[in-house]
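See below for the structure under consideration.
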Amino acid sequence: MEYIHKVHPRSRTIKIRVDEKGSVIVTTPPRTPNFAVQKFLHESEPWIMKHVELAKKNQHEKKEKVMYLGKQYYRIVSLTKHVGKTIEIVGNEMIVYPVTSSDASIARAIERWQKSQAEQYLIKKVHDLSKKMGLSFESISLRDQKSRWGSCSSAKRLQFNWRLIQAPPEVIEYVIIHELAHLQEMNHSKKFWSLVTTYDREYLMHRAWLRKHGKELHS
């Protein structure tokens, strides 16, 4: 068993503790023989294992989380060079390869990746849904809007918030359907909502999700 050994001049007994990172720390009086330390570790093994697992669990729960397509991933920062990749998803972990270890560099790496994913995912989804709805538009762009998730101008120009890439796919579809419906109905009339309902029967649920979690996506 790996452990950190500390000698305390005023200590009279062998003591063991597990720190918040799960490291085992053994404190002994001066000139304590190694066999005595090993015997104490062996006798304390069940207690040690229990608290090491608890510390690891707490550390895991304290990790920063990143949203992507409605799922939360634990953010793992790696300073090893990874050619061609800024972000790598492995299981429930999102491995970030920032330029430096600073918080700003990590945030930039995640934001660049999310924007890139949004360009690929959102734009394709807009084209697919517009064909399905039999509607056409002039242009589409992505922005970082503080109060809007999407907009449609009278000139048929669509804009979407790239931060939508964090929301579940069905919520993203609702926003796109909502804005595409404005190509036909530039209002929120009964005809408008009837058109939205035709392509998203659970739009009320999806709209409620966005209202509840919108601040999280902006943060």
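Heads up, the numbering used here is the position in the sequence shown plus 562, with the first residue counted as 1.
Note that beta-carbon positions come from the ideal geometry of N, C-alpha and C, so glycine has one too.
- Is the beta carbon of Ser701 less than 8 Å from the beta carbon of Ser692? Within the sequence shown, residue 701 is the residue found at index 139, counting from 1. Within the sequence shown, residue 692 is the residue found at index 130, counting from 1. Contact: no.
- Task: Consult DSSP for Met629 and reduce its assignment to one of helix, strand or coil.
- Result: Locating residue 629 in the sequence shown gives position 67, counting from the first residue. When secondary structure is reduced to three states using DSSP, Met629 falls in the strand class.
- Task: Please name the residue in Gly776, Ser751 and His740 whose C-alpha comes closest to that of Gln728.
- Result: On the sequence shown, residue 728 is found 166 positions in, with the first residue counted as 1. Of Gly776, Ser751 and His740, the residue nearest in Cα terms is Gly776.
- Classify Arg725 as buried or exposed, calling it buried when 16 or more other Cβ atoms lie within 10 Å of its own Cβ. Numbered from its first residue, the sequence shown carries residue 725 at position 163. Label assigned to Arg725: buried.
- Message: Helix, strand or coil for Phe699? Go by DSSP, reduced to three states.
- Response: Locating residue 699 in the sequence shown gives position 137, where the first residue counts as 1. Of the three classes helix, strand and coil, the one that applies to Phe699 here is coil, per DSSP.
- Message: Along the chain, where does the alpha helix (DSSP H) containing Ile739 start, and where does it finish?
- Response: One-based indexing of the sequence shown puts residue 739 at position 177. Run containing Ile739: Pro731 to Ala743, per the alpha helix (DSSP H) assignment.
- If you run the structure through DSSP and keep just helix, strand and coil, what is Gln746? If you number the sequence shown from 1, residue 746 lands on position 184. If DSSP states are grouped into helix, strand and coil, Gln746 belongs with coil.
- Continuous beta strand (DSSP E) stretch holding Asn723: start and end: Taking the sequence shown and counting its residues from 1, one reaches residue 723 at position 161. For Asn723, the enclosing beta strand (DSSP E) starts and ends at Arg719 to Asn723.
- Message: DSSP three-state label for Arg769, please.
- Response: Position 207 of the sequence shown, counted from the first residue, corresponds to residue 769. Of the three classes helix, strand and coil, the one that applies to Arg769 here is helix, per DSSP.
- Query: What does DSSP give as the partner residues of Ile651 in its beta bridges?
  - Reply: If you number the sequence shown from 1, residue 651 lands on position 89. DSSP lists Met656 as partners of Ile651.
- Message: Restricting to Cα atoms, I'd like to know which of Ala666, Thr589 and Ile578 is closest to Glu605.
- Response: Position 43 of the sequence shown, counted from the start, is the residue given in the question as residue 605. Ranking Ala666, Thr589 and Ile578 by Cα distance to Glu605 puts Ile578 first.
- Exposure label - Met656; buried when at least 16 CB within 10 Å: Walking along the sequence shown from the start, residue 656 turns up at place 94. Burial call: buried.
- Message: With the cut-off set at 8 Å, would you say Leu603 and Tyr635 are in Cβ contact?
- Response: In the sequence shown, the residue the question calls residue 603 occupies position 41. In the sequence shown, the residue the question calls residue 635 occupies position 73. The answer is no: Cβ separation not under 8 Å.
- Strand pairing of Leu704, partner residues [DSSP]: Locating residue 704 in the sequence shown gives position 142, counting from the first residue. Here Leu704 is bridged, per DSSP, to Phe722.
- Task: Out of Gly632, Arg710 and Phe754, state which residue places its alpha-carbon closest to the alpha-carbon of Pro730.
- Result: Residue 730 sits at position 168 when you count from the first residue of the sequence shown. From the listed residues Gly632, Arg710 and Phe754, the smallest Cα separation to Pro730 is found for Gly632.
- Query: Under the three-state reduction of DSSP, which class applies to Lys568: helix, strand or coil?
  - Reply: Within the sequence shown, numbered from 1, the residue matching residue 568 stands at position 6. Lys568 falls in the strand class under three-state DSSP.
- For the alpha helix (DSSP H) holding Val758, just list the boundary residues, first then last. Here residue 758 refers to the residue found at position 196 of the sequence shown. Lys752 to Tyr761 is the extent of the alpha helix (DSSP H) around Val758.
- Report yes or no: is there a C-beta of chain C within less than 8 Å of the C-beta of Gln707? The chain inventory of the structure shown lacks chain C, comprising one protein chain alone.
- Query: Given a threshold of 16 other Cβ atoms within 10 Å of its Cβ, counted over all protein chains shown, does Leu745 qualify as buried or as exposed?
  - Reply: In the sequence shown, counting from the first residue as 1, residue 745 sits at position 183. By the neighbour-count rule (16 or more Cβ atoms within 10 Å), Leu745 is buried.
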